[in-house]
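Numbering (UniProt numbering), first residue to last: 1 to 455.
Now the structure itself:
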């Protein structure tokens, strides 16, 4: 048998998809298919019609026809068997036997037709073999892709290791007073200190009311930080300035009896006392007391008596460093985010690292993660949630992939709370004005973030 062409056409003879197996012009095949409906006789049950030069072997498929055009001397039994195989192939690639569905999968059908017929002659294949051949599954290709993915993972791991080495070298150089190596990090960030306070009573112990003095980052002078992810700029510039403030508050309920100072262990940072507090007494003995001992603190109200401030460009003072490494890939971006606790004596609770995501690209594909995550599709954010970060759990990483550009993942926002003060201020003793007799007291410490962003 010699098969000239295989086509799917409408009942009016309009070609939807056609595959010619011998040299034939477009005008010729369109003319043959246009003449096909005129040759059919509705009063007969034959599945083939003939002209002077060709034979049409066809099978109705709802509103369409599957048509084989052969030479007149071909074997009609073989033609019918080939026609049945063609008819079984079409539902494998098309969900419905409709013109739009056939047009959408036309190239898949042409590839399948080529597996059935070669140079006009039928190949000895079945439906399962056709499916395997068209999938073009290659073991060598799988091995190649696996090797390439392994190399990419190793390159990313090496990149992260080198970045950590550079950061450590910078920190070591800053500690030793040397010039830091010529590399940068990530934007600027700020944290706001919490407060330590004491409630003094005559007979019972009550908790105080902590008060937070927020201090958003305001670098003095022109900032040299580069915005991470900005087009045409470098994406490595370390934290430019850290500014933290805190306040010690006393809530009084016994008036004059509470006006004696409290003993404070203060770290070597800037301390500011209230104007009514004896500054010399605090500087000399770390005691907080009023300048006039005859006066008392206001009753049943929060009173700020001590404020601490830390303003520096030293990276080692950042309580929690965040490094974000977005790298473009063929299908979008592979993003790696790492955190590291700088102060081992701190314990951060309810840490949430919020990463913005591009809109309209769906959920990210999470790779490796320490902790848990939440995807907020309405806000287009990915929240990395860590219950506790302390000396035992001081570092971790998150890897995910999603469509987008590197600058789509900034600014990264961080929030946390802690029951340990950043500057480690502690109230050790409370005494009365008269007689210096000790008074039972309680303290409550809160250290939280007002604004912490990585740009």
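Backbone N, C-alpha and C fix where the C-beta goes; we use that ideal spot for every residue, glycine too.
Compare the C-alpha of residue i against each of the options and name the closest.
| i | options | result |
| --- | --- | --- |
| residue 439 | 446, 445, 428, 366 | 428 |
| residue 388 | 411, 367, 346 | 346 |
| residue 323 | 164, 391, 417 | 164 |
| residue 380 | 85, 92, 356 | 356 |
| residue 85 | 31, 303, 131, 107 | 131 |
| residue 18 | 73, 61, 97, 113 | 113 |
| residue 156 | 73, 92, 335 | 335 |
| residue 452 | 434, 413, 424, 433 | 413 |
| residue 422 | 129, 92, 307 | 307 |
| residue 359 | 424, 408, 435 | 408 |
| residue 106 | 115, 116, 90, 361 | 90 |
Can you tell me the Cα-Cα spacing of residue i and residue j, whole angstroms?
| i | j | result |
| --- | --- | --- |
| residue 52 | residue 331 | 56 Å |
| residue 365 | residue 402 | 6 Å |
| residue 315 | residue 142 | 45 Å |
| residue 419 | residue 173 | 32 Å |
| residue 271 | residue 320 | 23 Å |
| residue 455 | residue 297 | 43 Å |
| residue 232 | residue 160 | Per-residue confidence for residue 232 stands at a pLDDT of 38, beneath the threshold of 50, marking its modelled position as unreliable; the derived number appears in the next sentence. If you take the alpha carbons of residue 232 and residue 160, they lie about 22 Å apart. |
| residue 458 | residue 341 | Nothing can be reported for residue 458, as the shown portion of the chain is limited to 1 through 455. |
| residue 501 | residue 396 | Outside the displayed range of the chain (1 to 455) lies residue 501, so it cannot be described from this structure. |
| residue 76 | residue 82 | 10 Å |
| residue 70 | residue 137 | 32 Å |
| residue 126 | residue 88 | 10 Å |
| residue 394 | residue 294 | 49 Å |
| residue 122 | residue 79 | 9 Å |
| residue 280 | residue 442 | 26 Å |
| residue 275 | residue 286 | 16 Å |
| residue 326 | residue 415 | 21 Å |
| residue 40 | residue 109 | 25 Å |
| residue 282 | residue 313 | 28 Å |
| residue 33 | residue 139 | 42 Å |
| residue 166 | residue 152 | 21 Å |
| residue 148 | residue 133 | 25 Å |
| residue 176 | residue 269 | 20 Å |
| residue 7 | residue 145 | 37 Å |
| residue 26 | residue 38 | 20 Å |
| residue 290 | residue 448 | 29 Å |
| residue 183 | residue 168 | Note that residue 183 scores 40 on pLDDT, short of 50, meaning its location in the model is unreliable and no value can be drawn from it. |
| residue 377 | residue 404 | 15 Å |
| residue 111 | residue 92 | 13 Å |
| residue 424 | residue 158 | 37 Å |
| residue 171 | residue 135 | 54 Å |
| residue 154 | residue 124 | 46 Å |
| residue 391 | residue 284 | 34 Å |
| residue 426 | residue 436 | 20 Å |
| residue 118 | residue 150 | 40 Å |
Who are the Cβ neighbours of residue i in its own chain at under 8 Å, not counting the five residues just before and after it?
| i | result |
| --- | --- |
| residue 10 | 16, 63, 64, 65, 99 |
| residue 36 | 9, 13, 49, 56, 58, 65, 67 |
| residue 4 | 20, 21, 22, 24, 54, 69, 70, 71, 120 |
| residue 101 | 94, 95 |
| residue 115 | 123, 125, 129, 130, 133, 134 |
Taking 8 Å as the cut-off, decide whether the C-beta atoms of residue i and residue j are in contact.
| i | j | result |
| --- | --- | --- |
| residue 337 | residue 353 | yes |
| residue 417 | residue 344 | no |
| residue 399 | residue 371 | no |
| residue 483 | residue 411 | One cannot answer for residue 483 here, as it falls past the ends of the chain, which runs 1 to 455. |
| residue 2 | residue 74 | yes |
Closer than 6 Å by C-beta to residue i: which residues in its own chain qualify, once you throw out the five before and the five after it? Chain order, please.
| i | result |
| --- | --- |
| residue 456 | The structure shown has nothing for residue 456, since the chain only spans 1 to 455. |
| residue 61 | 97 |
| residue 28 | none |
| residue 348 | 389, 416, 418 |
Looking only at its chain, what residues have a beta carbon closer than 7 Å to the beta carbon of residue i, apart from the 5 residues adjacent to it on each side?
| i | result |
| --- | --- |
| residue 385 | 352, 371, 372, 373, 374 |
| residue 328 | 406 |
| residue 30 | 15 |
I'd like to know whether the C-beta of residue i is nearer than 8 Å to at least one C-beta of chain D.
| i | result |
| --- | --- |
| residue 27 | Any reference to chain D falls outside this structure, which holds one protein chain only. |
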